[in-house]
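**Student:**
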Amino acid sequence: MKALRRAGYGTPGMAAEMAGTGSSSGAGDRRRRARALAIAAASVATAFLAASSAGAASSSSPLEVLAHELLRPADFPAGWKVTGTPAKSSTPASTGGADTKNLSKVAECEGVSAKGVERNPPSAQTEFSKSSAFQFVFETVAMFPSASVARRVVALFSSSKAPSCVGPVVGRSIASGTSQTGVTTSKISIARLGFRGIGSTFTALRLGIPLKANGEQAEVTGDVVVIRSRSSVAIMILLGLPELSQTFVHTIAVKAAKRLR
C-alpha cells in the first residue's frame, strides 16, 4: 500500500473522485466499492515497472517529458482526464526507478534469462481515468540499458508461455496491494489481442480479473499493451468495469506507439 500511495495510485482522494459524493447508504456503498476497485486497479497497474526510489528520473528529464507526451488528454473521449497526481507534484506524471522484480518472475516462469531485465531502469508514469465509470489507463515508460534488453522485456509478454506466467504475477500483485482492503481475486484468464498497426515491436494481452469486495463480485477487464522503440519500453494497463472496447484500446495504443522514441 505504501508503494501505491507513493506512486499516487489507490489513494483516498482518487477513490473519492471515482466514487462521487452523497450521504445515502447507496452512495456509501458506492464509495466503498469504488475505493476497493481503485486500489485493485492500482495493484494491477503497478504489477510491472512499478515506481521505486532507485534510478529516479528528474522532473525535467527527457523521460518524464516523454511520459507526458506519450498519451495526452486530447487523445481521450469526453469524460477522461489526468488523475492520480502525487501530492507534491505539479505535473501529472510520477517518476522513479522501475521495480522490475515481477518481470524477473515472469522470465523465471517462462524459463528464459532475466539478464538486464532485473535492473531498475529510470521510468516515468502517468494515469488517466473516467470519472463516470471504473475505467483507468495507467502508462509507464522505462529506459532500459540497451535495445536488446528492451526487446527481451517485450518478448516476456509475447511468448507463448505468457498467458500462463503473467496471470499469476498479476494475481500476487493484487493480493499484496489489497491485503488490508477486503478485496480478493481468483484465477485470472488471459487472451492475446491480435492488434495490427501499432508498431514493429509490441504485444497486447487481455486479462479477465475476478474481484470480490464488500460481498460483491465483479470481473474487471484489463488490457496490457507493451511497446518498444530502441531501448524505451512503454507498458500501458487499461482497466475497465465495464470493459474498455478493443477499438478504444487499439486507438490509444497506436497513438502511444507513434510517439514512443
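Residues 270 to 530 (our numbering) are what the sequence shown spells out, left to right.
Using N, Cα and C, we set each Cβ at its ideal position, and we do this for glycine too.
Quick caveat: nothing in here was measured; it's all calculated off a predicted structure.
1) Over the uninterrupted alpha helix (DSSP H) stretch that includes Gly446, give me the two end residues.
2) Pick out whichever of Gly436, Val435, Ala526 and Pro511 has its Cα sitting closest to the Cα of Phe464.
3) Relative to the alpha-carbon of Ser373, which residue among Val422, Leu332 and Thr454 has its alpha-carbon at the smallest distance?
4) Please classify Cys434 as buried or exposed, where buried requires at least 16 neighbouring CB atoms within 10 angstroms.
5) Shortest alpha-carbon distance to Val313 belongs to which of Val334, Ala416, Ala336 and Arg475?
6) Quick check on the burial criterion: 16 or more other C-beta atoms within 10 angstroms. Buried or exposed for Leu510?
7) Three-state secondary structure (DSSP) at Leu513?
8) Sort Gly477, Ala383 and Thr450 by Cα distance to Gly436 and report the nearest one.
9) Thr516: buried (16+ other C-beta within 10 angstroms of its C-beta) or exposed?
10) With Phe426 as the anchor, note down where its alpha helix (DSSP H) starts and where it stops.
11) Per DSSP, Lys399 is paired with what?
12) Closest to Thr352 by C-alpha separation, out of Ser427, Thr470 and Phe403, would be which residue?
13) Helix, strand or coil, according to DSSP, for Leu340 in the structure here?
14) Which class does Lys384 belong to by DSSP, given the choice of helix, strand or coil?
15) State the Cα-Cα distance for the pair Ser455 and Leu480, rounded to the nearest angstrom.
16) Nearest-angstrom Cα distance between Lys384 and Ala376?
17) How is Val452 classed by DSSP in three states: helix, strand or coil?
18) If you check the beta carbons only, do Val439 and Phe471 fall under 9 Å apart?
19) Can you tell me whether DSSP reads Glu377 as helix, strand or coil?
20) Do you know whose CA, among Ala411, Arg441 and Asp492, lies nearest Thr395's CA?
21) Is it the case that the Cβ atoms of Thr369 and Ala503 are separated by a distance below 9 Å?
22) Please determine, among Glu485, Thr490, Ile467 and Leu425, the residue with the shortest C-alpha to C-alpha distance to Ile506.
23) Under the three-state reduction of DSSP, which class applies to Ala314: helix, strand or coil?
**Tutor:** Judging by the given coordinates:
1) Ala431 to Gly446
2) Ala526
3) Its Cα nearest to that of Ser373, the residue Val422 stands out among Val422, Leu332 and Thr454.
4) buried
5) When each option's Cα is compared against that of Val313, the closest is Arg475.
6) With 16 or more Cβ atoms within 10 Å of its Cβ, Leu510 is classed as buried.
7) coil
8) Gly477
9) exposed
10) Ala416 to Ser427
11) Trp349 and Gln404
12) Phe403
13) coil
14) Of the three classes helix, strand and coil, the one that applies to Lys384 here is coil, per DSSP.
15) 7 Å
16) Going from the Cα of Lys384 to the Cα of Ala376 covers about 9 Å.
17) coil
18) no
19) In the three-state reduction of the DSSP assignment, Glu377 falls in the helix class, which pools H, G and I.
20) Ala411
21) no
22) Checking every option, the nearest Cα to that of Ile506 belongs to Thr490.
23) Of the three classes helix, strand and coil, the one that applies to Ala314 here is helix, per DSSP.
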